[in-house]
Amino acid sequence: MVVLDPNARLGGSNVGDISGPRAPVADAPLPGRGFDGAHRCAAPVLSLEDCCLRRLGRSWARVEAAATEFCAERLREQVHSTVARFRRVRELALKDRQARRERQEPLSGSSGEEP
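Each step along the sequence shown adds one to the number in our numbering, with nothing skipped, and position 74 is 74.
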């Protein structure tokens, strides 16, 4: 459900309506930042680099080899660390998938058939 009125989105007309000892934001205030009017602020605009990395991450399984080769010499160090993180997450996902398959598959000697 989309609520067009910014004041109605949080279930109150201001932060005071949702703050208090039981509110999730009560224990973790951000230093130097207030919440008043935050719902009226526009989301930050992603840079071209951020947009490209997002697209790359979503299709990493398909483009890993080409992307790793391309990124080897041409891009900033921060991008190299992001690409390394993509690679590591992919490795972990493959290990997790393999472990799940091994838990679900019966052992080869126990096929359920009687001799």
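Note that CB positions come from ideal geometry on N, CA and C, so glycine has one too.
Check                                                                                                                       : Outcome
DSSP state of Val45 mapped onto helix, strand, coil                                                                         : coil
Endpoints, the alpha helix (DSSP H) within which Ser81 is located                                                           : 77-104
Check whether Val79 and Thr68 have beta carbons under 8 Å apart                                                             : no
Ala61 and Arg90 closer than 8 Å at C-beta                                                                                   : yes
Rounded separation between Arg54 and Asp5 - CA only                                                                         : 30 Å
Reduced DSSP secondary structure (H/G/I, E/B, other) of Gly57                                                               : helix
CB contact flag (Leu56, Val63, <8 Å)                                                                                        : yes
Distance between Gln98 and Leu92 (C-alpha atoms, nearest Å)                                                                 : 10 Å
DSSP-derived helix/strand/coil call for Asp5                                                                                : coil
Chain-order list of residues whose beta-carbon lies under 7 Å from that of Glu73 (same chain, five-residue window excluded) : none
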